[in-house]
Every structure is written in C-alpha cells, then in structure tokens.
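1 is the number of the first residue of the sequence shown in full-length UniProt numbering; add one for each residue after it.
All C-beta atoms, glycine included, are put in the ideal place defined by N, C-alpha and C.
Heads up, the thing below is written out as structure tokens.
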Amino acid sequence: MRAIVIDKPGGPEVLAWRQVPDPAVGPGDVLIEVTASAVNRADTLQRQGAYDPPPGASPYPGLECSGVVGAVGRDVEGFAPGDRVCALLSGGGYAERVAVPWQQVMRVPEGVELDEAAGLPEVACTVWSNVFMTARLRKGETLLVHGGASGIGTMAVQLAKAFGSRVVVTAGSPEKIARCLELGADEGIDYRREDFSERVRADVILDIMGGAYLAGNVKALETGGRLVVIGLQGGAKGELNLGALLAKRASVHATTLRARPVDEKGVIVRGVVQNVWPLVDAGAIRPVVHARVPMSDAAEAHRILEAGEHIGKILLVS
C-alpha cells in the first residue's frame with residue numbers, strides 16, 4: 001500500500017507519499033480500505049518530532065479515517081467486509097489501508113458522505129469524553145469553547161447546543177465568530193481584541209491553549225466550574241491560583257486521547273455511537289469541512305491547518 005511517511009522531523013515538506021508494507025491484521029482488528037483521513041494538530045506535532053506515536057501504534061500520522069471494511073480478524077463480531085465505517089486511530093490514517101481494534105470502529109451515520117465521515121471520530125470522541133464524561137456538562141449550563149471555529153470547536157458548539165447548554169466561543173476573526181453563531185453558539189469573543197475572562201462566566205471550559213490561558217480560565221469559571229485542558233498551543237506551563245480555585249470549588253482536568261488503552265477508547269466510542277450518532281442521523285449535528293486535499297499532498301493540508309484560517313476539518317481524500 002501507499003502511506004505518508006515522515007523520514008525526519010521538519011516542516012510540511014518532509015511528508016512523503018510512498019510504498020510501505022500492508023498493515024498486519026490481528027485477531028481483534030478491522031482492516032479498513034481508507035477513503036479519507038483528516039488532519040489534526042497532533043499530526044503536525046508528530047511531523048515536527050514532538051509527539052511520537054504510542055508503543056505499538058502505526059508510525060504513520062492520522063488519528064481518524066473513514067472507508068470500507070476490507071477484512072476482519074477472527075475474533076471480530078459485528079463488522080463484515082463491505083461495511084461503511086469510520087474509526088478512531090492511534091496512528092496510520094494517512095494511508096490506503098489501516099488495521100484498527102474493533103472497539104474503535106463505528107458505522108458511518110445516516111446521511112453522511114463516506115469521505116466527510118473521516119472528520120467525525122476524533123472530534124466527536126474528544127468532545128464527548130471531555131465535555132460530557134469528564135466535565136459532566138448539564139442542560140442549562142454555560143460552556144466556553146476556545147478555538148470555536150476549529151474541528152473540535154465546531155463539534156463542541158453543535159453537541160452542547162443539542163444537549164441544551166449555552167455556548168460561548170473564542171475565535172480570531174469576525175468571520176470565524178459568525179460561522180460559530182450559525183452553528184448555534186450564543187456568543188462569540190474575538191480573542192485578538194477582547195479579554196474573554198472579563199466577558200464570560202462558564203460552568204465548563206474546553207481549552208486548547210494551556211499555560212497562556214490558565215489564569216484567565218480560572219477567573220472565567222463559575223462556582224463549581226470545570227476546566228478541561230486538551231491542548232497546549234499556548235504553552236505547557238502557567239501559574240495556577242489555588243486560592244481562586246478553592247474559593248470557587250472548581251476543578252482542573254488535563255486529558256489526552258491518543259495513548260489511552262483500547263478498552264478506554266472503546267467506552268468512549270460506544271458513548272459516541274449511543275449519544276452523538278443519533279443527533280448526526282437526525283441532522284442536528286453535521287461535519288464541518290473546510291477543504292478536501294488529496295492524501296498524496298498531505299503537506300498542503302498541513303500548511304492550511306498551520307495557517308490558522310480554516311473553519312472545521314481538513315480532509316485528506318484517497
């Protein structure tokens with residue numbers, strides 16, 4: 001098969017489309033003939049040499065994909081060759097084929113094109129596990145989403161609104177804020193012009209920035225608020241005012257998804273299938289696709305992501 005190979009850390013130009021061995025299919029694996037993958041920040045970090053795959057994972061980038069089942073291992077039930085599926089991966093999505101544990105595979109929701117389904121697994125699993133499983137967002141509460149126009153942000157806006165929450169986003173331009181409002185956000189804050197911590201009080205904050213936003217996030221929390229940090233685009237270190245946290249009886253969680261054990265990912269995937277997919281089937285939640293780029297030109301897709309002007313997901317199509 002062909003896959004995107006990273007020979008050495010560097011810029012987008014180090015991504016090369018090459019012949020590589022087919023993946024081995026274990027007894028509990030599903031082999032997917034990949035129709036599309038999607039670009040995530042973790043892929044760019046892996047390309048730069050800053051985020052190695054977990055032990056035993058594929059060395060190729062790509063944390064999600066969609067396609068058709070080509071084969072199943074002897075211990076797999078519920079999937080068969082020809083099924084239209086998408087999957088949460090530990091790596092290997094930038095390829096023509098990928099083998100993935102059956103627990104991380106999902107049937108494509110009704111009404112979703114096979115290629116656009118590649119943009120659902122990572123964002124749906126990230127938002128469900130962090131906003132609802134960890135932070136326990138409830139109906140009527142306020143969710144603050146940093147980077148509201150990102151792939152994760154556009155999913156968080158739609159899902160929180162579907163569950164009856166108020167949603168506030170930060171974004172870097174009027175155009176991005178307008179798109180978030182179209183998706184259902186109640187309020188948008190241009191972080192380049194305003195201090196979000198002066199504008200909003202939130203029960204749950206979904207944060208991709210890390211250190212740079214830590215103080216502001218604590219200030220913006222309501223009493224009993226929950227801050228969930230899922231990214232470090234603003235640095236890994238910040239000063240935490242424990243006094244402010246104590247006074248608000250608030251909590252800070254920091255999580256990752258990629259390195260979790262298969263069984264933990266399986267619990268998250270089942271939660272997504274049970275709670276998110278019906279909303280997708282009903283049209284209440286839709287994938288937001290910014291661009292489709294040939295997989296062989298993954299370098300261009302990385303350039304688009306790193307330019308920061310996109311809204312939603314960037315897909316890599318076979």
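Cβ-Cβ distances below 6 Å link S37 to G62, C65, G93, Y94, A118 and L316 in the same chain, with the five nearest sequence neighbours on each side left out; the list follows chain order. Cβ neighbours of M133 within its own chain (closer than 8 Å, five residues either side excluded): I268 and G271. Per DSSP, P294 lies in no alpha helix (DSSP H) segment; the continuous beta strand (DSSP E) that holds it begins and ends at V289 to P294. With fewer than 16 other Cβ atoms from the protein chains shown falling within 10 Å of its own Cβ, E110 counts as exposed. For the stretch 126-185, the full-length alpha helix (DSSP H) segments reaching 4 residues or more read 151-162 and 174-183 along the chain.
Per the C-alpha coordinates, the member of A202, A42 and G211 positioned closest to A135 is A202. Counted as a single uninterrupted DSSP element, the beta strand (DSSP E) harbouring K313 occupies residues K313 to V317.
A distance below 7 Å between beta-carbons, with the five flanking residues on each side excluded, links A254 to the following residues of its chain, in chain order: V229. Nearest to G28 by alpha-carbon distance, out of A185, V273, W102 and G243, is W102. Rounded to whole angstroms, the separation of the alpha carbons of G312 and P287 is 8 Å. Looking only at V145, M155 and H302, the smallest Cα-Cα distance to A284 is reached by M155. A straight line joining the alpha-carbon of A71 with that of S90 spans about 19 Å. Pairing R47 with V14 gives a Cβ-Cβ distance under 8 Å.
The three-state secondary structure of L246, taken from DSSP, is helix. In the structure shown, the three-state DSSP call for D115 is coil. Spanning the alpha carbons of G235 and D43 requires a straight line of approximately 18 Å. Collapsing the DSSP output to three states places A298 in a helix.
Between A185 and G148 the beta-carbon gap is near 6 Å, inside 8 Å, which marks them as a contact.
Taking all protein chains in view, the Cβ of K139 is surrounded by fewer than 16 other Cβ atoms within 10 Å, so the residue is classified as exposed.
Shown here for R226: same chain residues with a beta carbon closer than 6 Å to its own, the five before and five after excluded, namely A135, V204 and S251 in chain order. DSSP lists R226 as the beta-bridge partner residues of S251. Ranking L232, D207 and L240 by CA distance to the CA of A215 puts L240 first. In the assembly as shown, L159 is a buried residue. Its beta-carbon has 16 or more other beta-carbons within 10 Å. Bridge partners of G188 according to DSSP: V169.
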